[in-house]
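The structure under discussion appears below in the form of structure tokens.
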Amino acid sequence: MAGTAIAAPDVLNDDAKLKNLEKVCPDCQMVAKDVLNLRVENCQLKDTSSAMMIGTMQNDPMFSFMLAVHTAAGSEAYKTVVGAAGNHVDCENPLNWIKLTQQAIKGGKV
0 MAGTAIAAPD VLNDDAKLKN LEKVCPDCQM VAKDVLNLRV ENCQLKDTSS
50 AMMIGTMQND PMFSFMLAVH TAAGSEAYKT VVGAAGNHVD CENPLNWIKL
100 TQQAIKGGKV
């Protein structure tokens with residue numbers, strides 16, 4: 000089997016989870032991608048694997064905040080939040096990132 004690349008079972012499992020999730024909650028996947036992209040652009044994050052996306056959905060408060068905005072307020076409000084979040088990133092503290100984003104929106108500094 001020289002030269003054959005075999006993906007680790009967890010990677011295959013994570014990819015399958017994301018494909019299934021995309022069917023039942025496409026917004027979840029979209030928001031997770033947006034959060035990861037903001038971290039790639041601002042926080043030197045390089046890992047955008049399926050495992051990282053799942054971890055973002057399970058553990059990142061910014062994902063929960065942004066999904067709630069998208070679900071409750073709709074696409075236009077969500078775009079505003081993504082813009083504000085991109086301008087006020089706190090790579091070390093996601094709760095502060097949410098706070099800064101909320102303050103920017105309330106203050107009209109999007």
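So the sequence shown is residues 0 to 109, counted in numbering that gives the first Met the number 0.
Just so it is clear, CB atoms sit at the ideal spot from N, CA and C, and this is done for glycine as well.
Computed from a predicted structure; not experimentally measured.
Rounded straight-line distance, which links the Cα of residue j to that of residue i
{"i": "Gln28", "j": "His87", "result": "22 Å"}
{"i": "Asp33", "j": "Leu66", "result": "10 Å"}
{"i": "Asp46", "j": "Val81", "result": "20 Å"}
{"i": "Ala6", "j": "Gly73", "result": "Residue placement at Ala6 is flagged as unreliable, the pLDDT there being 48, under the threshold of 50; a coordinate-derived value is accordingly withheld."}
Segment limits, alpha helix (DSSP H) that includes residue i
{"i": "Ser63", "result": "Pro60 to Ala72"}
{"i": "Asp26", "result": "Pro25 to Cys42"}
Simplified DSSP state of residue i, which is helix, strand or coil
{"i": "Leu20", "result": "helix"}
{"i": "Val88", "result": "coil"}
{"i": "Thr100", "result": "helix"}
{"i": "Gly54", "result": "helix"}
{"i": "Lys105", "result": "helix"}
{"i": "Lys78", "result": "helix"}
{"i": "Ser48", "result": "coil"}
Contact under 8 Å by Cβ, residue i with residue j
{"i": "Ala71", "j": "Met52", "result": "no"}
{"i": "Trp96", "j": "Ala83", "result": "no"}
{"i": "Pro93", "j": "Met61", "result": "yes"}
Test: residue i CB closer than 8 Å to a CB of chain B
{"i": "Ser74", "result": "No chain B appears in this structure, which consists of one protein chain only."}
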